[in-house]
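These notes concern the structure reproduced below.
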Amino acid sequence: MDFLKIHHTPKLSGSINISGAKNSALPILTATLLSKNPITISNLPNVADVNTLLKLLEILGASYQHIQNNQIHIDTSSVHETRANYDIVRKMRASILVLGPLLARFRHCEVSLPGGCAIGARPVDLHIKALEKMGAQIEIQHGYIVATAPQGLRGANIMFDKITVTGTENLLMAAALAKGKTKIINAAKEPEVVQLCEILKDAGVEIEGIGTSELEIQGSDGELLDMQDICVIADRIEAGTYLCAGAITNSSITLHHVIPHHLEAITDKLEEIGFGFEISQDSLTLLPATKRKAFELITTEYPGFPTDMQAQFMALALVCEGTSTIEERLFENRFMHVNELQRMGANITLKGHTATIIGEEELKGADVMATDLRASSALILAGLVAQDCTQIHRIYHLDRGYEGLEEKLRSLGASVQRLKEK
Ligand code: EPZ
Numbered sequence: 004m005d006f007l008k009i010h011h012t013p014k015l016s017g018s019i020n021i022s023g024a025k026n027s028a029l030p031i032l033t034a035t036l037l038s039k040n041p042i043t044i045s046n047l048p049n050v051a052d053v054n055t056l057l058k059l060l061e062i063l064g065a066s067y068q069h070i071q072n073n074q075i076h077i078d079t080s081s082v083h084e085t086r087a088n089y090d091i092v093r094k095m096r097a098s099i100l101v102l103g104p105l106l107a108r109f110r111h112c113e114v115s116l117p118g119g120c121a122i123g124a125r126p127v128d129l130h131i132k133a134l135e136k137m138g139a140q141i142e143i144q145h146g147y148i149v150a151t152a153p154q155g156l157r158g159a160n161i162m163f164d165k166i167t168v169t170g171t172e173n174l175l176m177a178a179a180l181a182k183g184k185t186k187i188i189n190a191a192k193e194p195e196v197v198q199l200c201e202i203l204k205d206a207g208v209e210i211e212g213i214g215t216s217e218l219e220i221q222g223s224d225g226e227l228l229d230m231q232d233i234c235v236i237a238d239r240i241e242a243g244t245y246l247c248a249g250a251i252t253n254s255s256i257t258l259h260h261v262i263p264h265h266l267e268a269i270t271d272k273l274e275e276i277g278f279g280f281e282i283s284q285d286s287l288t289l290l291p292a293t294k295r296k297a298f299e300l301i302t303t304e305y306p307g308f309p310t311d312m313q314a315q316f317m318a319l320a321l322v323c324e325g326t327s328t329i330e331e332r333l334f335e336n337r338f339m340h341v342n343e344l345q346r347m348g349a350n351i352t353l354k355g356h357t358a359t360i361i362g363e364e365e366l367k368g369a370d371v372m373a374t375d376l377r378a379s380s381a382l383i384l385a386g387l388v389a390q391d392c393t394q395i396h397r398i399y400h401l402d403r404g405y406e407g408l409e410e411k412l413r414s415l416g417a418s419v420q421r422l423k424e425k
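The opening residue of the sequence shown carries number 4 in the working numbering; numbering runs sequentially from there.
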């Protein structure tokens, strides 16, 4: 296994290109199961989760070719298999996103329950309940979701008790091929959900309410879609992570190929702390702060502050003046980075879902363990400002969602190496 070795890096500088969004690429890939024709997908991030999902689609019978860097041509017309096995789904929970499209297209499928992960139980009960409202018969057998809809799915009024990103995406894809109209109330509004709505609309699906929490989808009654070529939107969480790298070293860095509007919750919070920005249409330059003030943060669904940026801001709080508090409202166990940061000398206390961080304590490099994708990025940020050297182990978590991580950090001036465990 690989590990990252990071030396204290007082300043960063320069610019990097942000990759396509992992959390948009995944539903886009499963949506190709709804397409009658092959399509080209550009700006596809070369990360482990995307490659795992491509492997699953290939096992189901799809074929794809890499045309060039970050671009594939995919054809799902020969898909014949409708069972998504545990050995793949356990590696990448978002494989659950094949449930809606497989059921809508083939009227039956078996998808392994994804199981929990480091940050929480991650149930999919809301996905299942909503599909049952559309006429699916669903049973859980030996750890698999066994779903059938012999008459095909029919439009229904779906009210999500909780806002669920992949739940909304699964139901959008199911509704696109259903008979009649589906209304989704309390839908997720993340930019990645919006892009899925837009590609379905471009494929001829009538969708109202895009970008709002109330969506209306007129299904095609089983007719496959005429999908158009797609360019994946920029990854707002990758961008936010590098902004935090600039912020924690109080540097000026520039990110290209971003969508500034998608980053507003993050840039607003950085401005509150003391940073400035120069913003153009698809670039963002962070300007250093004269004083980095402690802050309060609560994670909520988009357009609120994203839970996927919580760990990174906890690392940033370590260099802010005063006491910061962070409340995690979406996941029950998304503080796995706290113990590791404490081992580096961080002064953090937890009470329920709220972390209290005393800033400006001296951080010392240490051997630390990555536990989940975003927690691992927080350890990198802390490693940049800690004295001496920090070694981050189990970095396969990072490879799931950050393309060319150490190359991008090195191009900003960070002292980071990827090495092999002995
Ligand atoms: C998506 O996960 C993202 N993953 C996550 O990003 C992100 O943290 C999360 O949304 C929240 O923004 C992808 O898009 C692939 P949810 P998802 O369903 O859809 C509860 C990353 O780091 N819930 O919106 O799985 C759930 O337990 C990953 O890139 C149910 O109770 O999250 C959670 O408390 C991590 N029942 C809340 O809803 C359900 O059926 C939000 O979960 C579904 C969800």
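All C-beta atoms, glycine included, are put in the ideal place defined by N, C-alpha and C.
Only a predicted model underlies this, so the values are computations on that prediction, with no experimental measurement involved.
The ligand EPZ heavy atom lying under 7 angstroms from the CB of residue i
| i | result |
| --- | --- |
| Gly155 | no |
| His130 | yes |
| Pro13 | no |
| Val235 | no |
| Leu29 | yes |
| Asn336 | no |
| Gly222 | no |
| Ala97 | yes |
| Leu32 | no |
| Asp311 | yes |
| Ala191 | yes |
| Thr169 | yes |
| Pro194 | no |
| Leu376 | yes |
| Asn26 | yes |
| Gly123 | yes |
| Leu333 | yes |
Residue range of the beta strand (DSSP E) that includes residue i
| i | result |
| --- | --- |
| Ala150 | Tyr147 to Thr151 |
| Val419 | Ser418 to Lys423 |
| Ile31 | First-last for Ile31: Lys25 to Ala34, but that is the alpha helix (DSSP H), not the beta strand (DSSP E). |
| Met339 | From DSSP, Met339 is part of no beta strand (DSSP E) but of the alpha helix (DSSP H) over Met339 to Arg346. |
| Met162 | Asn160 to Met162 |
| Ile220 | Glu217 to Gln221 |
| Lys8 | Asp5 to His10 |
| Ile329 | Thr326 to Glu330 |
| Ile301 | Glu299 to Ile301 |
Environment of residue i [buried if 16+ CB atoms lie within 10 Å]
| i | result |
| --- | --- |
| Gln39 | For the record, residue 39 in the displayed sequence is Lys; it is not Gln. Result: exposed. |
| His83 | exposed |
| Ile276 | buried |
| Met347 | buried |
| Ser283 | exposed |
| Gln71 | exposed |
| Met372 | buried |
| Gln140 | exposed |
| Gln68 | exposed |
| Thr169 | buried |
| Met162 | exposed |
| Gly249 | buried |
| Thr293 | exposed |
| Gly158 | buried |
| Gln198 | buried |
| Thr185 | buried |
Close Cβ partners of residue i (< 6 angstroms) along its chain, the five nearest in sequence each way excluded
| i | result |
| --- | --- |
| Ile44 | Ile75 and Ile233 |
| Leu105 | Thr85 and Cys112 |
| Glu409 | Val419 and Arg421 |
| Ala190 | Thr171, Ser216 and Leu218 |
| His265 | Pro194 and Arg239 |
| Ala150 | Leu106, Cys112, Ala139 and Ile141 |
Cβ shell of residue i (< 8 angstroms), same chain only, five flanking positions each side left out
| i | result |
| --- | --- |
| Lys58 | Ile91 |
| Leu290 | Ser255, Phe278, Gly279, Phe280 and Glu281 |
| Val235 | Gly23, Ala24, Ser27, Ala28, Ile31, Ile44, Ser45, Asn46, Leu47, Pro48 and Gln198 |
| Ser81 | Gly64, Ala65 and Ser66 |
Residue i - containing alpha helix (DSSP H), residue span
| i | result |
| --- | --- |
| Phe109 | Leu102 to Phe109 |
| Val198 | In the sequence under discussion, the amino acid at residue 198 is Gln, which differs from the Val named in the question. Taken as a continuous stretch (DSSP letters only), the alpha helix (DSSP H) holding Gln198 covers Pro194 to Asp205. |
| Thr185 | Note, Thr185: premise wrong, no alpha helix (DSSP H); beta strand (DSSP E) at Lys184 to Ile188. |
| Phe316 | Gln313 to Ala320 |
| Gly170 | Val168 to Leu180 |
| Leu129 | Asp128 to Lys136 |
| Asp90 | Tyr89 to Val92 |
Same chain, Cβ closer than 7 angstroms to residue i, five either side skipped, listed in chain order
| i | result |
| --- | --- |
| Glu324 | Lys294, Arg295, Lys296, Ala297, Gly362 and Glu363 |
| Lys136 | Ala159 and Ile161 |
| Ala378 | Ala314, Met339 and His340 |
| Arg110 | Thr151, Ala152, Pro153 and Gly155 |
| Gln178 | Just to set this straight, residue 178 is Ala in the shown sequence, not Gln. Only Gly158, Thr185, Ile220 and Gly222 meet the Cβ criterion. |
| Arg403 | Val50, Ala51, Asp52 and Leu376 |
| Gly243 | Leu266, Ile269, Met312 and Gln315 |
Contact with chain D by residue i, beta-carbon distance below 8 angstroms
| i | result |
| --- | --- |
| Ile213 | Of the protein chains in the structure, only one exists, and it is not chain D. |
Original post:
What runs of the alpha helix (DSSP H), each 4 residues or longer, lie entirely inside the segment 245 to 285?
Top reply: 267 to 276
Subject >> Inside the segment 32 to 86 only - alpha helix (DSSP H) runs reaching at least 4 residues >> reply: 51 to 63
Original post:
At what residue ranges does the segment 332 to 414 contain a whole run of the beta strand (DSSP E), taking only runs of 3 or more?
Top reply: 350 to 354, 357 to 361, 370 to 372 and 392 to 396
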